[in-house]
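This report refers to the structure that appears directly beneath it.
Protein chains: 2
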Amino acid sequence: MTQKLIKNAAGRMVPTVINGEQHVPFKGVGKHKPAGKRAAPPLATCADYPSDGNKVKNGLKAALKACGLKDGMTISSHHHFRDGDLVMNRVFDAAAEMGCKDLRWFPSASFPCHAPLIKHLDSGVIHHIEGSMNGPLGDYTSEGRMHGTAILRSHGGRYQAVQDGEVHIDIAVIAAPTADPFGNATGDRGPSACGLLGFALADSQYADKVIVVTDNLIDFPCIPWQIHGNYVDYVVVMDKVGDPEKIVSGTTRITKSPDRLLIAEYAARFVAEAGIMQDGFSFQAGAGGTALSFAIFLAEMMKAKNIKARYVRGGSTQYLVKMLQEGLTDYILDGQTFDLDGVRSMRENPNHVNTSPFTSYNYHGKGNFSSITDVAVLGATEVDVNFNANVVTHSDGKLLHGIGGWMNCLFSKCTILPIPSFRDRIPVIVDEVTTLCGPGELIDVIVTERGIAINPLRKDLIEKTRNSSLPMVDIRDLKVEVEDICGGKPAPPKTEDKIVAAIKWVDGTVIDCVRQIKK
Amino acid sequence: MTQKLIKNAAGRMVPTVINGEQHVPFKGVGKHKPAGKRAAPPLATCADYPSDGNKVKNGLKAALKACGLKDGMTISSHHHFRDGDLVMNRVFDAAAEMGCKDLRWFPSASFPCHAPLIKHLDSGVIHHIEGSMNGPLGDYTSEGRMHGTAILRSHGGRYQAVQDGEVHIDIAVIAAPTADPFGNATGDRGPSACGLLGFALADSQYADKVIVVTDNLIDFPCIPWQIHGNYVDYVVVMDKVGDPEKIVSGTTRITKSPDRLLIAEYAARFVAEAGIMQDGFSFQAGAGGTALSFAIFLAEMMKAKNIKARYVRGGSTQYLVKMLQEGLTDYILDGQTFDLDGVRSMRENPNHVNTSPFTSYNYHGKGNFSSITDVAVLGATEVDVNFNANVVTHSDGKLLHGIGGWMNCLFSKCTILPIPSFRDRIPVIVDEVTTLCGPGELIDVIVTERGIAINPLRKDLIEKTRNSSLPMVDIRDLKVEVEDICGGKPAPPKTEDKIVAAIKWVDGTVIDCVRQIKK
Chain B
305 MTQKLIKNAA GRMVPTVING EQHVPFKGVG KHKPAGKRAA PPLATCADYP
355 SDGNKVKNGL KAALKACGLK DGMTISSHHH FRDGDLVMNR VFDAAAEMGC
405 KDLRWFPSAS FPCHAPLIKH LDSGVIHHIE GSMNGPLGDY TSEGRMHGTA
455 ILRSHGGRYQ AVQDGEVHID IAVIAAPTAD PFGNATGDRG PSACGLLGFA
505 LADSQYADKV IVVTDNLIDF PCIPWQIHGN YVDYVVVMDK VGDPEKIVSG
555 TTRITKSPDR LLIAEYAARF VAEAGIMQDG FSFQAGAGGT ALSFAIFLAE
605 MMKAKNIKAR YVRGGSTQYL VKMLQEGLTD YILDGQTFDL DGVRSMRENP
655 NHVNTSPFTS YNYHGKGNFS SITDVAVLGA TEVDVNFNAN VVTHSDGKLL
705 HGIGGWMNCL FSKCTILPIP SFRDRIPVIV DEVTTLCGPG ELIDVIVTER
755 GIAINPLRKD LIEKTRNSSL PMVDIRDLKV EVEDICGGKP APPKTEDKIV
805 AAIKWVDGTV IDCVRQIKK
Chain D
305 MTQKLIKNAA GRMVPTVING EQHVPFKGVG KHKPAGKRAA PPLATCADYP
355 SDGNKVKNGL KAALKACGLK DGMTISSHHH FRDGDLVMNR VFDAAAEMGC
405 KDLRWFPSAS FPCHAPLIKH LDSGVIHHIE GSMNGPLGDY TSEGRMHGTA
455 ILRSHGGRYQ AVQDGEVHID IAVIAAPTAD PFGNATGDRG PSACGLLGFA
505 LADSQYADKV IVVTDNLIDF PCIPWQIHGN YVDYVVVMDK VGDPEKIVSG
555 TTRITKSPDR LLIAEYAARF VAEAGIMQDG FSFQAGAGGT ALSFAIFLAE
605 MMKAKNIKAR YVRGGSTQYL VKMLQEGLTD YILDGQTFDL DGVRSMRENP
655 NHVNTSPFTS YNYHGKGNFS SITDVAVLGA TEVDVNFNAN VVTHSDGKLL
705 HGIGGWMNCL FSKCTILPIP SFRDRIPVIV DEVTTLCGPG ELIDVIVTER
755 GIAINPLRKD LIEKTRNSSL PMVDIRDLKV EVEDICGGKP APPKTEDKIV
805 AAIKWVDGTV IDCVRQIKK
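Rendered as structure tokens:
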């Protein structure tokens, strides 16, 4: 199929029709204003629901049937169980047994544990996936084997797409570590505890039909009700909804690489020297090794200077939990828990607060939390000399990573990417990113082991760190230095014409796309 | 104006056009199925909101202006401050100063403190009120002085009307005891603490524009965020939003009347003897004197028999809080706090849980909490021999009371009305209620000082209490007995033809109406 492409405001050639539906090309940051109204699910009436509140159905297939599952429908799910999800493979096995075709799977992310779905993609039970694809499903997509085109969105973009009616969910499947027969559900307790269920919030609010699947059914009411049973149609009990070993790990690994530790330390020192680290400030750092080390360095500096944050944003780990317990922050505002300490803290500590893509990230709302946050520390696979960044592919063009909350966090008051200047002798600082995920105007600081580059747009940060002892560099000089070390620029990706995935900006416009990898 | 009336399924003559809009006559319990979709507010974008999250506007008038206030708009508010509200009079003063006309005020309830609004009703700034009217505004309405027709809804019916798009809120004003500049707000703390803000939930979710008004602005984030700042457009700071003395009273009065105490005791014994009071059961009782005494009697009986409830529903008072503290219930599921103990408990005890008309009462949802509850103990102004009940007028036909959650609670598994058989020598048990608010098929038991009448539809309850020592009576015999005592039936109300208020059933249909009182 030949696809008509047009050049978007970032200079990227993108399709306007994806999977037969119209999409708007990226117009620039803050330039696309949505028209119209929020999506509106059908009205329900209590007259059609059991008055004793017992919505339990005997098995997944019975629930899917009661929801009216049919060809071409969209089934959604959340990824709070990460690689430990035991539900979605069974949902699509059931759909296959029911003879369904051309389904769209709309997860908030998929993981290697979902590799068994490849057979349903091959057979046409699933037409395509919209959501982050880690591991085998990413490979499958990159190889051009999926019937439809993947669409990747940020966590906030996923909420926006559902809220705006761009993605209509027919059936939401919400796996829940604890639930009651009415459908109230929580992630913070039960044998498969995963902390919270915020990624399923949009699904619960906007899907036509909602199924809660649990392995820990308790008497009404399930408190807290992270998911309101008032949105739920059916409850299904399974033996085991998640593999706790793979949902959370007891410990999250901090980096041991001397280079990464140096980068993390530079980033923390930058935050201090730029005057961001002050009483009442806020930060968000991911759960990757470098970001964790950054948080640990920063916590030490905060302790030394007797500085307390107003809030830190999770993904939470034992390190953030320790900060909360030690009084280094008033609150953790958490979007997902990455380890058992995070789960326990969210369950037990009222100052460890459950957030969602609605509160934190949705760009088509009346503001969100990410733009209020003082500093966001994020990863990237590539950054170019105009501070544009890539987070879904490497320079080989292969679809490898999801977007997560990354795009949304770029709206923080200061966005810092602590990254190695090269990986496996391939430059990370490049002339132009392979896939554009983050426009340079939103990325303020690049921290590498060879120095720190500040975006020229941020004259205030340049001014504040003018007398810093940190190694400041020009990003263009850094690029040349790295090319010297690596023996040149990265080889261009070997791709076919076929577009296998579209990358959505936070406002629903298409910022870039990913092509099929040549065999 | 002559109004075309038609007879609804309850035999009541009701208008089909109210304030120029079409309304559906009552069709019978569970008979009216809504078509169409939920209301959909306009999409917003973060690009139009301050990126630092500071939505503070300098004063009410500036905020109303920024919201685009104009003639004919609907302004909504909640009544968690009850008779201590200091905000809404100032809102309409501001609207009057801005020269606005024909506004609709859509409060969840109004109180005597809102008497100053009569001047704005007289002058045409406010066209009419939709919401409960207690005191002077009820009189004003009954006298036929309001330009438009009042519409009274239950708490659940108010949520339903907003959700269904029957009532479009242009501007919601949410007075909040504590809020942050982003608009996150809570009722459980601050100098004007009122416990929770659940009555404003629909307003926040569905209004075009939302203003939070507070006298206690704190740094972001306001935790808990009972109202999400993500729905809020502007924040206004006022000196004082509520008069704590009138918001809550330190102690809630239990009845001292021997008759009322006897009624309360009968009701509690009935619950025990009918087998409802058993481990894991649930009940809801109001905050009136008799209902409070019922709860106290029941708690004593539970203690004696070592029985623990799964949950009790608030309106919470010190008596429910004591039950929670003493381990007589796992949870309080609370819709509003009636005293300071309730406020404190909601703030401090995670098992004292914040609910809303969405979770508890909305009939156009996928079930709600009220139908799950084992027993609801409610008041009434009149009950007729077919178990139909009235809660808004007395036999003189004057509009005196709001509906509150009363209609919604009728859906409990057992609805008990503990009422005196007569008041001021006027029978309460009558041939036909003056205003129909609750269809008899939903009302199971009438408890009076002269005996207990069970609805003949509830053969199970009749069977279970066959050998009870409680004084069981036939409601028709009771009516005759009471008429004998009072010297006859109540005099019929002296009314004009003009309809001054419509009474909405939980599904949005018109179940009855109230006429102007003859001078």
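Which chain is which? The protein sequence lines are B and D, in order.
Going by our numbering, the first residue of the first sequence is number 305, and it counts up by one from there.
Going by our numbering, the first residue of the second sequence is number 305, and it counts up by one from there.
Ideal Cβ positions, reconstructed from N, Cα and C, are used throughout, including at glycine.
The model shown is predicted, which means the values in this text are computed figures rather than measured ones.
- The DSSP-derived three-state label of F585/B is coil.
- Taken atom to atom, the span from the alpha-carbon of A568/D to that of F601/D is near 7 Å.
- Contacts between K369/D and chain B, judged by CB atoms closer than 7 Å, are missing: the closest CB pair is about 18 Å apart.
- At a Cβ-Cβ threshold of 7 Å, D537/D and V514/D count as neighbours.
- For the C-beta of D468/D, the chain B residues within less than 9 Å are, from N- to C-terminus, L347.
- The stretch 774 to 785 of chain B makes no contact with the stretch 424 to 436 of chain B; the number of CB pairs closer than 8 Å stays below 3.
- The C-beta distance from D484/D to L521/D rounds to 7 Å, short enough to meet the 8 Å contact threshold.
- Spatial neighbours of K369/D in its own chain (CB-CB distance under 8 Å, excluding positions within 5 residues in sequence) are listed in chain order as M402.
- Segment contact: the stretch 635 to 644 of chain B against the stretch 605 to 624 of chain B, three or more CB-CB distances shorter than 8 Å; contact assigned.
- Residue-level contact check: S773/B does not touch chain D, since none of the beta carbons of chain D fall below 7 Å from its beta carbon.
- A distance below 7 Å between beta-carbons, with the five flanking residues on each side excluded, links L682/D to the following residues of its chain, in chain order: G590, W710, C713, T719, L721.
- Within 10 angstroms of the beta-carbon of A613/B lie 16 or more other beta-carbons, which makes it buried.
- Selection D801/B, A476/B, A506/B, Q326/B evaluated against V517/B yields A476/B as nearest (Cα-Cα).
- Chain B has no Cβ within less than 7 Å of the Cβ of N312/D.
- For M317/B, the enclosing beta strand (DSSP E) begins and ends at 317 to 319.
- For the set A680/D, D678/D, S381/D, the Cα lying nearest the Cα of V545/D is the one of S381/D.
- Using a Cβ distance threshold of 7 Å, C526/B and H384/B do not count as a contacting pair.
- In chain order, T453, I455, A806 place their CB closer than 7 Å to the CB of I322/B, counting only its own chain and leaving out the 5 sequence neighbours on each side.
- Within the stretch 325 to 397 of chain B, the beta strand (DSSP E) runs of at least 3 residues that lie entirely inside it are, in chain order, 378 to 381.
- CA-CA distance, K341/D to H668/D, rounds to 11 Å.
- Close to S381/B, with beta-carbon spacing below 9 Å, lies no residue of chain D; the smallest spacing is near 19 Å.
- The three-state reading of DSSP puts Y667/B in coil, since its state is none of H, G, I, E or B.
- Not a single C-beta of chain D is nearer than 7 Å to the C-beta of C526/B.
- Residue environment for H451/B: exposed (fewer than 16 other C-beta atoms within 10 angstroms of its C-beta).
- Taking C-beta atoms as the reference points, F410/B and T378/B count as a pair closer than 7 Å.
- In the DSSP assignment, W710/B falls within the alpha helix (DSSP H) that extends over 710 to 713.
- Within chain D, the C-beta atoms nearer than 8 Å to that of A343/B come from A344, in chain order.
- The CB of I676/B comes closer than 7 Å to the CB of D356, G357, F486, F524 in chain D, given here in chain order.
- With its beta carbon less than 7 Å from one in chain D, R614/B belongs to the interface.
- Membership of T594/B in any beta strand (DSSP E) is not indicated; the residue belongs instead to the alpha helix (DSSP H) covering 593 to 609.
- Residue environment analysis places R386/D among the buried positions, since at least 16 neighbouring C-beta atoms fall within 10 angstroms of its C-beta.
- For G755/B, same chain residues with a beta-carbon under 7 Å away, outside a window of 5 residues either side, are P775, M776, V777, L782 in chain order.
- Flagged as an interface residue toward chain D: C350/B, by a C-beta distance shorter than 7 Å.
- Contact with chain B is found for H668/D, since one of that chain's Cβ atoms lies less than 7 Å from the residue's Cβ.
- In this structure, P731/D sits away from P654/D, with a CB-CB distance that is not shorter than 7 Å.
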